[in-house]
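There are 2 protein chains.
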Amino acid sequence: MTQPLRLGIAGLGTVGSGVVRIVQTHAALIAARAGREVVITAVSARDRTRNRDVDISAYAWEADPVALARRADVDVVVEVMGGHEGPAKNTTEAAIAAGKDVASANKALLAIHGQALAEAAEAAGRVIRFEAAVAGGIPVIKALTEGLAGNEISRVLGVMNGTCNYILTRMESAGLPYDTVFEEARALGYLEADPMLDVGGIDAGHKLALLAAIAFGTRVAFDGVELEGIGAITIEDITQAADMGYRIKLLGVAQMTGRGLEQRMSPCLVPATSPLGQLQGGTNMVVLEGDSVGQIVLRGPGAGSGPTASAVMSDVIDIARGLRLPTFGQPATTLRAAKPARAAVPAPYYLRLQLLDKPGALAKVARVLGDSAISIDRMRQYGHEDTTAPVLIVTHKTTRSALDEALATFAQTGVVAGTPVAIRIEAV
Amino acid sequence: MTQPLRLGIAGLGTVGSGVVRIVQTHAALIAARAGREVVITAVSARDRTRNRDVDISAYAWEADPVALARRADVDVVVEVMGGHEGPAKNTTEAAIAAGKDVASANKALLAIHGQALAEAAEAAGRVIRFEAAVAGGIPVIKALTEGLAGNEISRVLGVMNGTCNYILTRMESAGLPYDTVFEEARALGYLEADPMLDVGGIDAGHKLALLAAIAFGTRVAFDGVELEGIGAITIEDITQAADMGYRIKLLGVAQMTGRGLEQRMSPCLVPATSPLGQLQGGTNMVVLEGDSVGQIVLRGPGAGSGPTASAVMSDVIDIARGLRLPTFGQPATTLRAAKPARAAVPAPYYLRLQLLDKPGALAKVARVLGDSAISIDRMRQYGHEDTTAPVLIVTHKTTRSALDEALATFAQTGVVAGTPVAIRIEAV
Chain A
210 MTQPLRLGIA GLGTVGSGVV RIVQTHAALI AARAGREVVI TAVSARDRTR NRDVDISAYA
270 WEADPVALAR RADVDVVVEV MGGHEGPAKN TTEAAIAAGK DVASANKALL AIHGQALAEA
330 AEAAGRVIRF EAAVAGGIPV IKALTEGLAG NEISRVLGVM NGTCNYILTR MESAGLPYDT
390 VFEEARALGY LEADPMLDVG GIDAGHKLAL LAAIAFGTRV AFDGVELEGI GAITIEDITQ
450 AADMGYRIKL LGVAQMTGRG LEQRMSPCLV PATSPLGQLQ GGTNMVVLEG DSVGQIVLRG
510 PGAGSGPTAS AVMSDVIDIA RGLRLPTFGQ PATTLRAAKP ARAAVPAPYY LRLQLLDKPG
570 ALAKVARVLG DSAISIDRMR QYGHEDTTAP VLIVTHKTTR SALDEALATF AQTGVVAGTP
630 VAIRIEAV
Chain B
210 MTQPLRLGIA GLGTVGSGVV RIVQTHAALI AARAGREVVI TAVSARDRTR NRDVDISAYA
270 WEADPVALAR RADVDVVVEV MGGHEGPAKN TTEAAIAAGK DVASANKALL AIHGQALAEA
330 AEAAGRVIRF EAAVAGGIPV IKALTEGLAG NEISRVLGVM NGTCNYILTR MESAGLPYDT
390 VFEEARALGY LEADPMLDVG GIDAGHKLAL LAAIAFGTRV AFDGVELEGI GAITIEDITQ
450 AADMGYRIKL LGVAQMTGRG LEQRMSPCLV PATSPLGQLQ GGTNMVVLEG DSVGQIVLRG
510 PGAGSGPTAS AVMSDVIDIA RGLRLPTFGQ PATTLRAAKP ARAAVPAPYY LRLQLLDKPG
570 ALAKVARVLG DSAISIDRMR QYGHEDTTAP VLIVTHKTTR SALDEALATF AQTGVVAGTP
630 VAIRIEAV
């Protein structure tokens, strides 16, 4: 019988406790599947005395996660502390240096330091796995790295932050403004301590950068992700998008273009009847597109103790089974540095303008679009509210630069009040 | 540099040609990901001279696939011939005996002979992989075997035959009867040479049996699958189910119960708004439910050259990378023989009866249900057509045996014409 695989758990929050629970509950099941026992030998967390719903008394305690990472009786360090500097980074580096494998749920750490960590791990013959870092319980890293390994990937997209999707779907279903639903989400404990990680798209941007690295064989480049949060989305946009058959989602899109790697995490319109359009509440969805396979859609819980721990255990059991791969699916030294391309792929856009009540106003707006070579697919003008009238425009495909030119010119027409809203319509 | 991995392709139909195309088109991509080259050394098919859209002139030709399987210059035999006896079985057995790994798209062979083949392969230290056998391009075998390996699986379900789903959705969208759409599907080339493989649920039943073996650690038992095809589904049932918020799908469901392993492949009603209910046309969808992860939904193309070849290549690249697992995720000798349980899990049912125009008819029907301890959730009686009136009933949860008792008793009431229709409503 092969020796047991010995885990050291760094972090005993929601995810860490979930991992402990699975190892304790399913010891026989895991041993049958992995061909060897998986056991926990040591744990580390900030507070030893905190009341937890799992019994950790059988495990050695380390106050310092770096010391845990160096223990001789640990084979795999499970890093579920979070944060892209400090203890998480030190622990991961110490684990690699001490010859341990790592299973991590830390999207920020890997999105920012992934290249260096992968190179260090591969030089040491160790693996870093991070299924839990992207889309919670959905086995999307495995699907992309292994399941679609025979495909040239053309596009990866998805809804990867459940909190934002909760806020947007709740705004629509209850007809409530952003600020109200944001406060509701905060009260429900759905938001990170720094809410910009959620509503600013940062957390989802980390995930997108990790998927893009695997999909395109490029060095993970979070700083190449165009980030735009959901804070500017109004209930008017949600309602009027719905009227035209769309829903607004915080959508991550990565694709390789002739001009470089495009990575966007921003609000987009998607058809209300598409799988992405129908995604309600905190669920995540990732769409993978490859030249042979076509389109694969994966849907599941993007957060929570059980789903995230399930993903961690998938990595742990892979390691126990001897399934070992480079961090990003191919050796880190072979990953290319991709040139970032800003919104290189043309798309239709949804525009919302407040038109002043002046003769010829609509004609002026239409002429600005025409001058930027943007043609109009559909337009609706609503009745005047006081001195302005809302106008909705769906354009045909155009480049972001042509659109920006038109948006800048609107201000000079003298017939547009305030700042126009422009939201990309993504084909899904 | 590691030696190239050498493939022998047995079968050059749709799938085999697709595999050749990927290997030829993506040699560099695959080598980067696999860490070694993947090459084709030999091929075998029924007709060497047939016009193919891939160039096979560089490969050795074997008229006999068994000879191909024994070639010294082949490491992995790709079995994409199909059929559960004859050449496919002989070739797979010969490959294992000759010390080759096997990547197979053959659901019938594995559903019927999987246990014996897995035992032989594992005794010889070889692997048999079959991602392409279930749900085409969707990496569902990998998701279940590896991605959810930390979960106790509670249920696996899904739409696994694209042709049946095409027929059912086309019946609904065009308002056409089964026979008409069946002939359309045949004319479009969507049906197997023996159409019962599709519309009788056999092909999908093979896939379900394979998923159940992995999910529950049991010996693959196709003969334990309750099979019911879609041939008896009428346009009336589809329309009336839609009126009540449901769609009819040929749904496979496997779950472990206190009474044994339940495996059903049969028409079921699912909520029209659920992901399964919204699945249109030839697309497949598999839902995996585990105790930690909750529910994961996978959606994608279930057939076709590109998607199926993508799945074959996933297995081939796994082998090239050294990722080796027992056929069903744990050693075949440790798989349990599960007792088959027929519809052990209670469910609500949809019933459609033709009620004769007699006083007290509805009361008699209601009493029969009550006597079998079946309570009614919703009922609709439509206007009389000639001498009978259609009655639709949605029951609360009941057992199949109580329902069968009620169905048998209806005939004795003297108020029910013809044979009542009963379709299970699956919670999804």
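Read top to bottom, the protein sequences are chains A and B.
Residue numbers for the first sequence follow this note's numbering, beginning at 210 and rising by one.
Residue numbers for the second sequence follow this note's numbering, beginning at 210 and rising by one.
All C-beta atoms in this analysis are idealised placements derived from N, C-alpha and C, irrespective of residue type, glycine included.
Under 7 Å from the C-beta of Lys458(A): neighbouring residues of chain B | Those within 7 Å of Lys458(A) in chain B number zero; the least Cβ separation is about 16 Å.
For the alpha helix (DSSP H) containing Val390(B), list its first residue and its last residue.
-> 387–396
Does the Cβ-Cβ distance between Leu420(B) and Leu353(B) come in under 8 Å?
-> With contacts defined by Cβ atoms closer than 8 Å, Leu420(B) and Leu353(B) form a contacting pair.
Counting contacts by CB-CB distance shorter than 8 Å, is Arg245(B) in contact with chain A?
-> no
Taking all protein chains shown into account, do 16 or more other C-beta atoms lie within 10 angstroms of the C-beta of Pro568(A), making it buried, or fewer, making it exposed?
-> exposed
What's the call for His605(A), buried or exposed, on a 16-neighbour Cβ count within 10 Å?
-> exposed
What three-state label does DSSP hand Gly217(B) in the structure shown?
-> strand
Expressed to the nearest angstrom, what Euclidean distance is found between the alpha-carbon atoms of Ile439(A) and Glu471(A)?
-> C-alpha separation (whole angstroms): 20 Å.
By how many angstroms is the C-alpha of Pro599(A) removed from the C-alpha of Leu565(A)?
-> Taking the Cα positions, Leu565(A) is about 9 Å away from Pro599(A).
Buried versus exposed, by CB contacts within 10 Å (16 or more), His593(B) = Classification for His593(B): exposed.
Do three or more CB pairs link the stretch 441–457 of chain A to the stretch 351–371 of chain A at distances below 8 Å?
-> No, the stretch 441–457 of chain A does not touch the stretch 351–371 of chain A.
From which residue to which residue does the alpha helix (DSSP H) around Arg335(A) run?
-> Counting along the chain, Arg335(A) falls outside any alpha helix (DSSP H), and DSSP gives it neither H nor E.
Residue range of the beta strand (DSSP E) that Gly367(A) falls in?
-> 362–368
Is the CB of Leu507(A) under 8 Å away from at least one CB in chain B?
-> yes
Can you tell me whether Tyr558(A) is buried or exposed, with buried defined as 16 or more other CB within 10 angstroms of its CB?
-> buried
Considering only residues of the same chain and omitting the five flanking positions on each side of Val289(A), which have a CB-CB separation below 6 Å?
-> Gly220, Val224, Gly225, Ala314
Rounded to whole angstroms, how far is the Cβ of Val283(A) from the Cβ of Thr258(A), which I believe are closer than 8 Å?
-> Contact doesn't hold; Cβ gap of about 23 Å is too wide.
Is the stretch 496–504 of chain B in contact with the stretch 512–527 of chain A, if contact means three or more CB pairs nearer than 8 Å?
-> Touching, yes.
Does the stretch 274–283 of chain B come close enough to the stretch 483–498 of chain B to have 3 or more Cβ pairs within less than 8 Å?
-> When C-beta atoms of the stretch 274–283 of chain B are compared with those of the stretch 483–498 of chain B, fewer than three pairs fall below 8 Å, so the two segments do not count as touching.
Closest to Asp264(B) by CA distance: which of His293(B), Leu238(B), Arg473(B), Val232(B) is it?
-> Proximity to Asp264(B) across His293(B), Leu238(B), Arg473(B), Val232(B) peaks at Val232(B), based on C-alpha coordinates.
Looking at Gly410(B) and Glu392(B), is the spacing between their C-beta atoms short of 8 Å?
-> no
Whole-angstrom Cβ separation of Arg261(A) and Leu214(A), contact assumed at under 8 Å?
-> Wrong, their Cβ atoms sit about 23 Å apart, outside the cutoff.
Using a Cβ-Cβ distance under 8 Å, would Asp527(B) count as near chain A?
-> yes
Output, in sequence order along the chain, the residues in the stretch 474–485 of chain B whose CB is closer than 7 Å to any CB in chain A.
-> Per Cβ criterion, the list reads Pro484.
Closer than 7 Å, Cβ to Cβ, to anything on chain B: give me those residues from the stretch 240–268 of chain A, in chain order.
-> Ala241, Arg242
Beta-carbon proximity check, Ala507(A) vs Val495(A), cutoff 8 Å = First, the amino acid is wrong: residue 507(A) is Leu here, not Ala. Result yes, Cβ atoms of Leu507(A) and Val495(A) sit closer than 8 Å.
Option nearest Ala281(B) by Cα separation, candidates Leu216(B), Ala236(B), Arg576(B) = Leu216(B)
Own chain partners of Tyr268(A) with C-beta closer than 7 Å, once the 5 adjacent residues on each side are dropped | Ile249, Thr250, Ala251, Val252
Stretch pair the stretch 528–547 of chain A + the stretch 379–392 of chain A: three plus CB contacts closer than 8 Å | no
Ordered along the chain, which non-local residues of its own chain (more than five positions away) have a Cβ less than 6 Å from that of Asn374(B)?
-> Val368
Candidates Ala237(A), Thr234(A), Ala636(A), Gly398(A), of which the one nearest Thr482(A) by Cα | Ala636(A)
For Ala430(A) versus Pro549(A), is the C-beta distance shorter than 8 Å?
-> yes
Find the residues of chain B that neighbour Val287(A), judging by a C-beta separation of less than 9 Å, and give them in chain order.
-> Residues of chain B with a Cβ closer than 9 Å to the Cβ of Val287(A) do not exist, since the nearest Cβ in that chain sits about 12 Å away.
Measuring alpha carbon to alpha carbon, tell me which of Gln464(B), Thr301(B), Leu400(B), Val525(B) ends up nearest Ala333(B).
-> Thr301(B)
For the stretch 492–506 of chain B, which residues have a beta carbon sitting closer than 7 Å to at least one beta carbon of chain A?
-> Within the stretch 492–506 of chain B, the qualifying residues are Gly499, Ser501, Val502, Gly503, Gln504, Ile505, Val506.
Determine, using beta carbons only, whether Thr372(B) and Asp403(B) come nearer to each other than 8 Å.
-> no
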